[in-house]
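Student:
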Amino acid sequence: MSAWNSDLVNAVYVVAILVFILGLKAMSSPETARRGIVFAGIAMLVAVAVTFFISGLSNFALIALGVIVGGGLGFYWARVVKMTAMPQMVAVFNGMGGGAAGAIAAVELLGSLAGGATTALSLAGAVIGSTSIAGSVIAFLKLQGWMRSKPIVLPARQPINLGVLLVGVGFGVYAVASTTTLFLLPFFLLLLLYGVLLTLPIGGADMPVVISLFNALTGIAVALDGFALVNGPLGDAGYAMVIAGTLVGAAGSLLTILMARAMNRSIANVIFGAFGATEETGTPIAGQLKPIEAEDVAVMMAYANEVIIAPGYGMAVAQAQQRVKELADLLEQKGVTVKFAIHPVAGRMPGHMNVLLAEAGISYDKLFDRDEINDEFANADVVLVIGANDVVNPAARRAGSPLQGMPILDVDKAKNVIVIKRGQGKGFAGIENDLFYKDNTRMLYGDAQQVVGKLVQALKKS
Amino acid sequence: MAADLWTALLIAILAAFTGYEVIGRVPVLLHTPLMSGSNFIHGIVLVGAIVALGFSTTNLERAIGLVAVIMGAMNVTGGYVVTERILAMFDRSKQRKGGGP
Chain A
1 MSAWNSDLVN AVYVVAILVF ILGLKAMSSP ETARRGIVFA GIAMLVAVAV
51 TFFISGLSNF ALIALGVIVG GGLGFYWARV VKMTAMPQMV AVFNGMGGGA
101 AGAIAAVELL GSLAGGATTA LSLAGAVIGS TSIAGSVIAF LKLQGWMRSK
151 PIVLPARQPI NLGVLLVGVG FGVYAVASTT TLFLLPFFLL LLLYGVLLTL
201 PIGGADMPVV ISLFNALTGI AVALDGFALV NGPLGDAGYA MVIAGTLVGA
251 AGSLLTILMA RAMNRSIANV IFGAFGATEE TGTPIAGQLK PIEAEDVAVM
301 MAYANEVIIA PGYGMAVAQA QQRVKELADL LEQKGVTVKF AIHPVAGRMP
351 GHMNVLLAEA GISYDKLFDR DEINDEFANA DVVLVIGAND VVNPAARRAG
401 SPLQGMPILD VDKAKNVIVI KRGQGKGFAG IENDLFYKDN TRMLYGDAQQ
451 VVGKLVQALK KS
Chain B
1001 MAADLWTALL IAILAAFTGY EVIGRVPVLL HTPLMSGSNF IHGIVLVGAI
1051 VALGFSTTNL ERAIGLVAVI MGAMNVTGGY VVTERILAMF DRSKQRKGGG
1101 P
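Those protein sequences? They're chains A and B, same order as listed. Under the numbering used here, the letters of the first sequence match residues 1 to 462, in that order. Under the numbering used here, the letters of the second sequence match residues 1001 to 1101, in that order.
As structure tokens, then:
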């Protein structure tokens, strides 16, 4: 590589990495988050552009074609997707990164199978990248509702999965040992199958943790590919990938642990537990469901001192956020204190609910997370549960329930609990909700948007 | 192992601690955008994909390299747009314009 462009490329990568780190740092505070992503975006653009200056590069037409097609698809898809579908979009784009890492490893392995440590690193990158893309695609299909979201449990899946992984890796090692590229085909196919088998038994409620895990894995795959490139003539790009990939691998792992902790589950339990596959049997719940009319709820809230709203994914699906904001504004005009109780995993991802409420223009000063608000439910006159189910299920406090130990919002401690719900179905985890049968709970059936609209109308009249 | 690999390993260790420290005290409210943002950052894979395709010599390598570039480009643009869309909602000045407090 001639000196001037090598120095240029390296200098740009160094600056880009610095901006990535500062950008991630900025993204951990709401005040600076947007600046963080914009700066990181500019740095990425320059880093990609400067890559074309690496000397010895050919196939420019193909590269341009790939960037335009991939970039166009990614841009269009990310623009049109609704905010409620954000988790599966992250899954898809993460899967693409994993797939790219796997494909880079494939190109490296096809080029040479005799690179020693480099080849081993490429194999490792291929293993993790392939698992990540296959798993992310299954996660997408489940969240999008194109595939049954309940755990799909095959008999003896643990030994089968392990077997598929080991035989797959065996083919890879054998391909290297015999320097026969043909054996790379079963290697990749079996690893893709492993990613599918690993994700099938995981239920929809656990998907956020899994997406976060695959995100971290893709980061590690990118870093491994980077290691393999460092040794070649193209070291510069390799170092950039090692740093950015490891950064995401570490940050993503921590994020995965935080999410799993918010649900009181261990990561091993999420991956191997097939949570929600078994229906809870016995323990019929005492009491019955008591319906209520919207007008009565409106009166109850108008004369309350404090109303806490606990929104869930059902609110987002019904696109009721805007109506909920109107409701909160009206109540505040009447002197009622309104707060929002956000469970860490309300929605489909930690923080997803905050995003959806922010989209509707509700100030994040009014959003309180579980630890901040749990003691306050006892003082609340009315708690309005909108389309949330598992995260308010007191069964989590009962021994023997599949939800046992999951941190919940203690809404049942409030004087009155109103549950807005579409029908009498179960939550995402497929478990009966004790809350609905409590003496202080009333059920307000209907589509969340229409029902909250009715509440707004009734409040305007009163 | 070559000297370059040892250097890369040292760098990776430092990067791992950096990633851990940077995320350490993030509020739950930002978990989703942060996951999406870190998803964008591993879009640097596009750089590797360009290099892999740029040095491909056989048609099979070119085909797989092209797939890598397409996927990497999707990762990086999709990851950016999604993150930016989410974070735009947290922008206080914009929130006021939208009728917020």
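Note that the Cβ used here is the ideal one computed from N, Cα and C, for glycine as well.
(1) Any contact between the stretch 221 to 228 of chain A and the stretch 123 to 130 of chain A? By contact I mean 3 or more CB pairs, one from each, below 8 Å.
(2) Output the boundary residues of the beta strand (DSSP E) element that contains I408 (chain A).
(3) Would you say D369 (chain A) faces chain B, with C-beta separation under 9 Å as the test?
(4) Could you name the residues of the same chain whose beta carbon sits closer than 8 Å to that of L154 (chain A), not counting the 5 residues immediately before and after it, in chain order?
(5) How about K25 (chain A): is its C-beta nearer than 9 Å to some C-beta of chain B?
(6) For a cutoff of 9 Å on Cβ pairs, would you count N59 (chain A) as touching chain B?
(7) In whole angstroms, what is the alpha-carbon distance linking F340 (chain A) and N215 (chain A)?
(8) Any beta carbon of chain B sitting closer than 9 Å to that of F93 (chain A)?
(9) Within the 9 Å Cβ cut-off, does G70 (chain A) reach chain B?
(10) By how many angstroms is the C-alpha of L217 (chain A) removed from the C-alpha of V92 (chain A)?
(11) When the Cα atoms are used, what is the spatial distance from M86 (chain A) to R323 (chain A)?
(12) In or out: I68 (chain A) buried (at least 16 other Cβ within 10 Å) or exposed?
(13) Would you please verify whether the beta carbon of M241 (chain A) is less than 9 Å from any beta carbon of chain B?
(14) Taking C-alpha atoms, which residue in A:S6, A:L185 and A:A47 lies nearest to I1064 (chain B)?
(15) Would you mind telling me which residues of chain A sit closer than 7 Å to L1087 (chain B), beta carbon to beta carbon, in chain order?
(16) Under the three-state reduction of DSSP, which class applies to T1058 (chain B): helix, strand or coil?
(17) Run through the DSSP bridge pairs and tell me what F340 (chain A) is partnered with.
(18) By DSSP's criteria, R442 (chain A) is part of a beta bridge. Which residues make up the other side?
(19) For the ligand ZN, any of its heavy atoms closer than 8 Å to the Cβ of E31 (chain A)?
(20) Pick from A:L403, A:Q449, A:K366 and A:Y437: whose alpha carbon is nearest that of R422 (chain A)?
(21) Let me know the secondary structure DSSP gives I202 (chain A) once reduced to three states.
(22) Under 8 Å: do the stretch 328 to 343 of chain A and the stretch 366 to 374 of chain A share three or more Cβ pairs, one atom per stretch?
(23) Starting from the N-terminal side, write out each stretch of the alpha helix (DSSP H) that is 4 residues or longer and does not extend beyond the stretch 1023 to 1060 of chain B.
(24) To test your reading of the DSSP string, which unbroken alpha helix (DSSP H) runs of 4 or more residues are found completely within the stretch 68 to 116 of chain A?
(25) Whose C-beta lies closer than 7 Å to the C-beta of V19 (chain A) among residues of the same chain, with five residues either side of it excluded?
(26) Please state the DSSP three-state secondary structure of I386 (chain A).
(27) Mind checking who P291 (chain A) pairs with in its DSSP beta bridge?
(28) From the DSSP output, in three-state form, read off N433 (chain A) for me.
(29) Can you pull the chain A residues whose beta carbon is under 8 Å from the beta carbon of L1060 (chain B), in chain order?
(30) Starting from the C-beta of A16 (chain A), find all residues in its chain whose C-beta is less than 6 Å away, skip the five residues before and the five after it, and write them out in chain order.
(31) Rounded C-beta distance between L384 (chain A) and I309 (chain A)? I'm assuming under 8 Å.
(32) Could you tell me whether the Cβ of G238 (chain A) comes closer than 9 Å to any Cβ of chain B?
(33) Can you tell me where the alpha helix (DSSP H) with V46 (chain A) in it begins and where it stops?
(34) Looking only at its chain, what residues have a beta carbon closer than 6 Å to the beta carbon of R442 (chain A), apart from the 5 residues adjacent to it on each side?
(35) Return the first residue and the last residue of the alpha helix (DSSP H) that R323 (chain A) is part of.
(36) With C-beta atoms as the reference, is V299 (chain A) less than 9 Å away from A139 (chain A)?
Tutor: On the basis of the data shown:
(1) yes
(2) Per DSSP, I408 (chain A) belongs to no beta strand (DSSP E) and is neither H nor E.
(3) yes
(4) I160, L197, L200 and P201
(5) yes
(6) yes
(7) 29 Å
(8) yes
(9) yes
(10) 14 Å
(11) 21 Å
(12) exposed
(13) yes
(14) A:L185
(15) A33, R34 and I37
(16) coil
(17) A:I309 and A:L367
(18) A:I418
(19) Absence of the ligand ZN is noted for the structure shown, with no ligands found whatsoever.
(20) A:Q449
(21) coil
(22) yes
(23) 1031 to 1041 and 1045 to 1054
(24) 86 to 111
(25) F39, A40 and A43
(26) strand
(27) A:M443
(28) coil
(29) L110
(30) A43 and A47
(31) 5 Å
(32) yes
(33) A33 to T51
(34) K290, I292 and I418
(35) Q321 to Q333
(36) no
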